[in-house]
Amino acid sequence: MTLSQLRTFALVVRLGSLRAAAAELGVSEPAVSAAVAALRQELGDPLFIRAGGGISFTPGGRRLAVHAEEIVGLADQARREVAETVTSTRSLRVAATADFGEHAAGALLDAFTRRLPDCEVDLVTLDGSDLADALVRRAADVVLGPRPAAGDSLDAVPFLRYQRILVADSPRSDPLRQVWLTGPAGLEELSEEGRWLAGLPTWPDLVRFPTETEAIDATRRGDGVMLALGHVVRADLRIGTLVRLPLAGTPVQGLWYATVLGRSRASTAARALQEFVTTPGATAAMLAPPGAAPSAPRRPSVHVALWS
Numbered sequence: 015m016t017l018s019q020l021r022t023f024a025l026v027v028r029l030g031s032l033r034a035a036a037a038e039l040g041v042s043e044p045a046v047s048a049a050v051a052a053l054r055q056e057l058g059d060p061l062f063i064r065a066g067g068g069i070s071f072t073p074g075g076r077r078l079a080v081h082a083e084e085i086v087g088l089a090d091q092a093r094r095e096v097a098e099t100v101t102s103t104r105s106l107r108v109a110a111t112a113d114f115g116e117h118a119a120g121a122l123l124d125a126f127t128r129r130l131p132d133c134e135v136d137l138v139t140l141d142g143s144d145l146a147d148a149l150v151r152r153a154a155d156v157v158l159g160p161r162p163a164a165g166d167s168l169d170a171v172p173f174l175r176y177q178r179i180l181v182a183d184s185p186r187s188d189p190l191r192q193v194w195l196t197g198p199a200g201l202e203e204l205s206e207e208g209r210w211l212a213g214l215p216t217w218p219d220l221v222r223f224p225t226e227t228e229a230i231d232a233t234r235r236g237d238g239v240m241l242a243l244g245h246v247v248r249a250d251l252r253i254g255t256l257v258r259l260p261l262a263g264t265p266v267q268g269l270w271y272a273t274v275l276g277r278s279r280a281s282t283a284a285r286a287l288q289e290f291v292t293t294p295g296a297t298a299a300m301l302a303p304p305g306a307a308p309s310a311p312r313r314p315s316v317h318v319a320l321w322s
């Protein structure tokens with residue numbers, strides 16, 4: 015079997031069809047079929063069968079998919095690390111949930127790259143449910159947000175405790191009957207606030223905004239209520255542009271984690287960031303008011319992309 019065949023099969027599994035994998039790779043569907051056929055012959059397993067207009071993977075196919083993702087990810091990591099020996103610049107791919115990415119990741123990574131000026135960081139935002147997969151596939155070196163559910167294959171370190179407070183522009187009766195405003199990810203299922211929401215007797219109507227900042231602006235205008243990060247709305251509560259609403263179970267206490275591959279599989283740069291996030295300097299950077307000046311200039315830029 016070849017790396018190209020494994021890459022193709024991993025993509026078929028992730029996207030759920032040969033046609034989608036062909037489009038992603040920019041090749042013909044027969045080329046994808048040929049790669050999968052070669053693996054079938056090599057391994058003596060059909061890997062998948064066609065069923066109900068789609069494909070259903072055999073136990074062997076599912077097992078191969080796990081190994082294929084890891085092998086392909088390891089090969090990509092090897093290429094990056096070899097290239098870094100030539101450029102003398104380390105790269106670090108960070109994935110974060112939308113709320114952490116919006117409110118804390120920029121300041122944190124700015125502070126980190128001032129400590130390691132030879133490290134260039136790429137940041138993407140993902141749903142919390144996709145964080146573990148990004149690590150296993152080595153699409154990310156570090157993930158920041160709720161603790162991924164992936165057993166002992168990952169190493170998660172808690173680094174920042176936060177509160178989510180239910181707020182509105184003025185006192186409201188029966189908050190559960192109000193419209194709840196959120197950021198683009200809603201209330202992440204793996205987060206403490208997501209688990210708390212799932213346990214409520216009544217599920218409120220959620221309206222998502224492109225950012226939590228826009229949701230807070232709408233809350234100030236009286237468009238609904240919001241379970242907002244306490245340190246983000248602290249000034250609003252102090253001057254009265256927002257008020258806290260009493261509701262059993264709030265404020266909701268949560269933890270953000272920095273997670274890397276376990277069993278000594280994480281890169282040196284990933285471990286360095288995981289250690290840095292627990293330092294007082296990192297905490298101060300993440301909780302600093304918006305627009306606060308950094309303590310020193312930094313050289314490399316942090317590249318940010320949004321994944322849907």
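Using the numbering used here, you'd call the opening residue of the sequence shown number 15 and step up by one each time.
All residues carry an ideal CB built from backbone N, CA and C; glycine is no exception.
Quick caveat, the model's predicted, so the values are computed rather than measured.
Under the three-state reduction of DSSP output, arginine 161 falls in the coil class, being neither helix nor strand. Collapsing the DSSP output to three states places glutamine 192 in coil.
Going by DSSP, threonine 139 is part of the beta strand (DSSP E) stretching over 133-139.
Around the beta carbon of proline 73, fewer than 16 other beta carbons sit within 10 angstroms, so the residue counts as exposed. In the DSSP assignment, proline 44 falls within the alpha helix (DSSP H) that extends over 43-57. If the five residues before and after serine 70 are omitted, its C-beta is found closer than 7 Å to the C-beta atoms of Phe62, Ile63, all from its own chain and listed in chain order.
Excluding residues up to 5 positions away in sequence, Leu158, Gly159, Trp270 lie with their Cβ nearer than 7 Å to the Cβ of phenylalanine 114 in the same chain.
Exclusion of the five residues before and after methionine 300 leaves Ala118, Ala121, Leu122, Leu174 as the residues of its chain whose Cβ lies within less than 7 Å of its Cβ. Taking one beta carbon from each stretch, the segment 248-266 and the segment 147-157 have fewer than 3 pairs nearer than 8 Å; the two do not touch. Cβ atoms of arginine 104 and cysteine 133 come within 8 Å of each other, at about 5 Å. Rounded to the nearest whole angstrom, the CA to CA distance from aspartate 59 to leucine 78 is 10 Å. The C-beta distance from alanine 36 to alanine 45 rounds to 7 Å, short enough to meet the 8 Å contact threshold.
About 5 Å separates the beta carbon of aspartate 169 from that of valine 274, a gap short enough to meet the 8 Å contact definition. Between leucine 130 and alanine 110 the beta-carbon gap is near 18 Å, outside 8 Å, which marks them as no contact. Apart from sequence neighbours up to five positions away, the residues of its chain that approach proline 185 with a beta-carbon distance below 8 Å are Val257, Leu259, ordered along the chain. By the criterion of at least three beta-carbon pairs nearer than 8 Å, the segment 282-293 is not in contact with the segment 191-207. Within the same chain, Cβ atoms closer than 6 Å to the Cβ of leucine 211 are found at Leu201, the five residues on either side in sequence being excluded. Excluding the 5 residues flanking it on each side, glycine 87 has same chain C-beta neighbours closer than 6 Å at Arg151, Arg152, in chain order. Judged by DSSP secondary structure, glycine 208 falls within the alpha helix (DSSP H) whose first and last residues are 206-212. Glutamate 116 is positioned such that its CB atom lies closer than 8 Å to that of glutamate 226. Along the length of the segment 55-130, whole beta strand (DSSP E) runs at least 3 residues long occupy 62-65, 68-71, 104-110, reported in chain order. Counting only residues of its own chain and dropping the five nearest sequence neighbours on each side, valine 221 has a CB closer than 6 Å to the CB of Val193, Leu195.
Taking a C-beta distance under 8 Å as the contact criterion, glutamate 203 and serine 278 do not qualify as a contact pair. The distance from the Cβ of alanine 272 to that of valine 247 is about 24 Å, inconsistent with a contact at the 8 Å cut-off. In the structure shown, leucine 269 adopts extended strand secondary structure according to DSSP, grouped into three states.
Isoleucine 179 is bridged by DSSP to Ala242. The beta carbon of glutamate 43 lies closer than 6 Å to those of Leu32, Arg33, Ala36 in the same chain, with the five residues before and after it left out. Ranked by Cα distance from leucine 53, the options Gly75, Leu39, Gly66 are led by Gly75.
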